[in-house]
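A.B. asks: All the letters of the sequence shown, read from the start, carry residue numbers 30 to 341 under my numbering.
The C-beta atom is built at its ideal place from N, Cα and C for all residues, glycine as well.
Take a look at the following structure, please.
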Amino acid sequence: MDNNSNGASEPLPRTLSEQAARFAELQHENFNLKMRVSYLEDKLLSLGNGVTALASDELEAEVIRLRRAVDERDHQLAEQNASIARGNQAIDALTEQLRESQAAIPQVGEVGQTSLALQNAVEAAQRRVYELEEEVETLHQELQESQIAHQRDVGTSEQWKQCYQETLEYLKREGVRALHEVKHLRDLNNSKDNMLTRSRELLEDARRQKRQQGSEYITRLKRFSEEAKRLGEQEERLHAKYQADYARLESNWMDDQTGLVAQNTFFRDEIATLRRPQRVFYQSQVLTWRKELEAITNVSTAMCSSISSRRI
């Protein structure tokens, strides 16, 4: 009976330890998932502030990964529930063995007074009963702690699922908004690229026209410079010719002035010699004209008088 009891009870504490370790792993994974959700919330906050670092492919991959993690967690919780049920069954079996051992103690005690082997068996049975009681108490405590942790974990999992669903919906909305914003930014970037290309083309055309105009201006400037040089040389020639003509004309004018002075002196002398006889002639002529005028005046007066008397 002791061997059967030992063989039946040896794997149980090890299974519960594995369950406790599994609980610790699940809690650690739950913490990691919460940290991941917090990280995603931070990413979404940064996305809401205008940072478009999270692309649509990243969102889809993250959603798929989180869904898989939730499915795995549900599966692990189901396995954990089954393990707890098996632990309850094992506790019931140990309790039954404990009752059987306690019932067997009196019978062994009656027979054990006559045999040392029976006494040893009774002592071993009593020790086994104490061990089974301690194991049952330990298993009850572990089961209660496991149930409390399981209920807390289930509640946390439900809250986390709800938070995950809300986060997923928010991710979808923000993902759609981010896609529209990325599309708008791409269109804006394309329009900026087109404007930049157009500006570069206009700048290149302006530079080409400027170079062409510059070459034309340089050609015109060279032509104007040559023309100005030619006009300067022509002006110098005309100025030299003008100086020569002016000197020649001035010399001729001086010669003419000298000749005119000589002619003027000659004419003045001639007039002086001719003025006196002509004056006498003119004076006698004037006297003759005066006499004739007086005679004509007298005749006209007489004729007027005779005409007047005839009218009367």
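Excluding the five sequence neighbours on either side, which residues of its own chain have a C-beta within less than 8 Å of the C-beta of Ala331, listed in chain order?
C.D. replies: As a working mapping, residue 331 is identified with position 302 in the sequence shown. Cβ within range, chain order: n/a, list empty.
A.B. asks: Within the present structure, is the beta-carbon of Tyr246 separated from the nearest heavy atom of the ligand FAD by less than 7 Å?
C.D. replies: Here there are no bound small molecules, and the ligand FAD is not part of this structure.
A.B. asks: Helix, strand or coil for Thr326 per DSSP?
C.D. replies: Residue 326 sits at position 297 when you count from the first residue of the sequence shown. It is helical.
A.B. asks: Quick check: what's the CA-CA separation for Gln314 versus Asn327?
C.D. replies: Along the sequence shown, one-based indexing puts residue 314 at 285. Along the sequence shown, one-based indexing puts residue 327 at 298. Cα-Cα distance, rounded: 20 Å.
A.B. asks: On a Cα-Cα basis, can you pick out the residue from Arg65, His268 and Glu321 that is closest to Arg94?
C.D. replies: Here residue 94 refers to the residue found at position 65 of the sequence shown. If we check each option's Cα against that of Arg94, Arg65 comes out closest.
A.B. asks: Can you tell me the Cα-Cα spacing of His268 and Thr287, whole angstroms?
C.D. replies: Here residue 268 corresponds to residue number 239 of the sequence shown, with the count starting at 1. Here residue 287 corresponds to residue number 258 of the sequence shown, with the count starting at 1. Answer to the nearest angstrom: the Cα atoms are 28 Å apart.
A.B. asks: May I have the straight-line CA-CA distance separating Lys258 from Tyr271, to the nearest angstrom?
C.D. replies: Start at 1 with the first residue of the sequence shown, and residue 258 comes out as number 229. Start at 1 with the first residue of the sequence shown, and residue 271 comes out as number 242. Near 19 Å, if we compare the C-alpha coordinates of Tyr271 and Lys258.
A.B. asks: Give me the Cα-Cα distance between Ala235 and Glu262, rounded to the nearest whole angstrom.
C.D. replies: As a working mapping, residue 235 is identified with position 206 in the sequence shown. As a working mapping, residue 262 is identified with position 233 in the sequence shown. The straight-line gap from Cα to Cα measures roughly 39 Å.
A.B. asks: Return the CA-CA distance between Lys320 and Leu278, expressed in angstroms with no decimal places.
C.D. replies: To locate residue 320, count along the sequence shown from 1; it is residue 291. To locate residue 278, count along the sequence shown from 1; it is residue 249. Roughly 57 Å between the two C-alpha positions.
A.B. asks: According to the neighbour-count rule (16 or more other Cβ atoms, all chains shown, within 10 Å of its Cβ), is Thr81 buried or exposed?
C.D. replies: Here the question's residue 81 lines up with position 52 in the sequence shown. Here the model assigns Thr81 a pLDDT of 44, short of 50, so the residue's position is not dependable, and the following value carries that caveat. With fewer than 16 Cβ atoms within 10 Å of its Cβ, Thr81 is classed as exposed.
A.B. asks: Whole angstroms are fine: how far does the CA of Tyr275 sit from the CA of Gln312?
C.D. replies: As a working mapping, residue 312 is identified with position 283 in the sequence shown. As a working mapping, residue 275 is identified with position 246 in the sequence shown. Spanning the two alpha carbons is a distance of roughly 51 Å.
A.B. asks: Enumerate in chain order the residues of its own chain whose CB-to-CB distance from Thr294 is below 6 Å, with the five nearest sequence positions on each side excluded.
C.D. replies: As a working note, residue 294 is residue 265 in the sequence shown. Same-chain partners within the cutoff: there are none.
A.B. asks: In whole angstroms, what separates the C-alpha of Arg202 from that of Arg227?
C.D. replies: By one-based count along the sequence shown, residue 202 stands at place 173. By one-based count along the sequence shown, residue 227 stands at place 198. Whole-angstrom Cα-Cα distance: 37 Å.
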